[in-house]
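A.B. asks:
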Amino acid sequence: TTKNFLASCAKTLFALAAVVMMSAVFTSCSKDNDDNGPTTLPDAKTNTVVIDGKEATIEKAQFKKVSPSSTIYAVAFTLSGTPKKELVLGLDDTYHMDGKPIDLTTKEGKMIDKLYWGVVYTVNGKKLIDASGSPKETQKPVFTTGTLTVSKTRQGTINIVLANGRVNDVNGKECTLTLNYEETLKTKD
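Take the sequence shown: its letters are residues -30 to -1, 1 to 159, numbered as in mature numbering (1 follows the signal peptide of the UniProt record, and there is no 0).
#1: What residue does the beta strand (DSSP E) around T115 start on, and which one ends it?
#2: Can you give, in chain order, each stretch of the alpha helix (DSSP H) that sits fully within the segment 52 to 111 and has at least 4 residues?
#3: What's the gap between the Cα of K1 and the Cα of P12?
#4: Which residues does DSSP pair with E153 in a beta bridge?
#5: Taking three-plus beta-carbon pairs below 8 Å as touching, is the segment 45 to 63 in contact with the segment 89 to 99?
#6: Within 10 Å of its beta-carbon, does K110 have 16 or more other beta-carbons around it, so buried, or fewer, so exposed?
#7: Starting from T41, trace the beta strand (DSSP E) both ways and give me its first and last residue.
#8: On a Cα-Cα basis, can you pick out the residue from L85, G51, M67 and G103 that is closest to G116?
#9: Could you have a look at A26 and say whether DSSP puts it in helix, strand or coil?
#10: T18 lies in the beta strand (DSSP E); which residues open and close that run?
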């Protein structure tokens, strides 16, 4: 009877061990993202841009108004490394620099005297990314995911964060883009 009892326990323990091992296998093989959607990209460190997983330090930032009385800026970031890389944002102070996230996945509504958001990335002067929120620029893509938030303080500090950016480049290939910039605002009239 002791043999029967031990045999019975061994069968039960073997079955239990098999169940535990199978559940561990199924758990390790399951996807982290069950909705099959894209995962969230990590945020860029302060004063860096990350394009397709490659981090570049912002060496220089220029805020250029289109005219002295204008609220429209071209914000150009010169990035570290070679070849020469530049990321340029087109922004309207009135509509885009209020601390509210801009949804980069949609074209903006029609407005008179407004610059729509724009994101251009160049390498050696050649455009690789050229996205626009203008409803008139239908040939230019919007992002598939991403937000752009620009906030300013009374002391003149500006913070620009492009989070979770995914956009098709000029060849139709998906690129990832994140940006985190913080500095005292300098204008060039």
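Just so it is clear, CB atoms sit at the ideal spot from N, CA and C, and this is done for glycine as well.
Just so we're clear, the structure is a prediction, and the values are computed from it rather than from any experiment.
C.D. replies: The answer reads as follows:
#1: Walking along the sequence shown from the start, residue 115 turns up at place 145. Segment T115 to K122, the beta strand (DSSP E) holding T115.
#2: Fully enclosed alpha helix (DSSP H) runs of 4 or longer: 63 to 66.
#3: As a working note, residue 1 is residue 31 in the sequence shown. As a working note, residue 12 is residue 42 in the sequence shown. Low local confidence applies: a pLDDT of 38 at K1 is under 50, so the model's placement there is unreliable, and no value is given.
#4: On the sequence shown, position 183 is the one that residue 153 refers to. Looking at the DSSP assignment, E153 forms a beta bridge with I128.
#5: Contact between the segment 45 to 63 and the segment 89 to 99 is present: 3 or more CB-CB pairs across the two stretches fall below 8 Å.
#6: On the sequence shown, position 140 is the one that residue 110 refers to. By the neighbour-count rule (16 or more Cβ atoms within 10 Å), K110 is buried.
#7: In the sequence shown, residue 41 corresponds to position 71, counting from 1. From DSSP, T41 is part of no beta strand (DSSP E); its letter is neither H nor E.
#8: Taking the sequence shown and counting its residues from 1, one reaches residue 116 at position 146. Relative to G116, the option among L85, G51, M67 and G103 whose CA is nearest is G103.
#9: As a position in the sequence shown, residue 26 is number 56, starting the count at 1. DSSP places A26 within a strand segment (E or B) once states are collapsed to three.
#10: The residue given as residue 18 occupies position 48 in the sequence shown. Taken as a continuous stretch (DSSP letters only), the beta strand (DSSP E) holding T18 covers T18 to I21.
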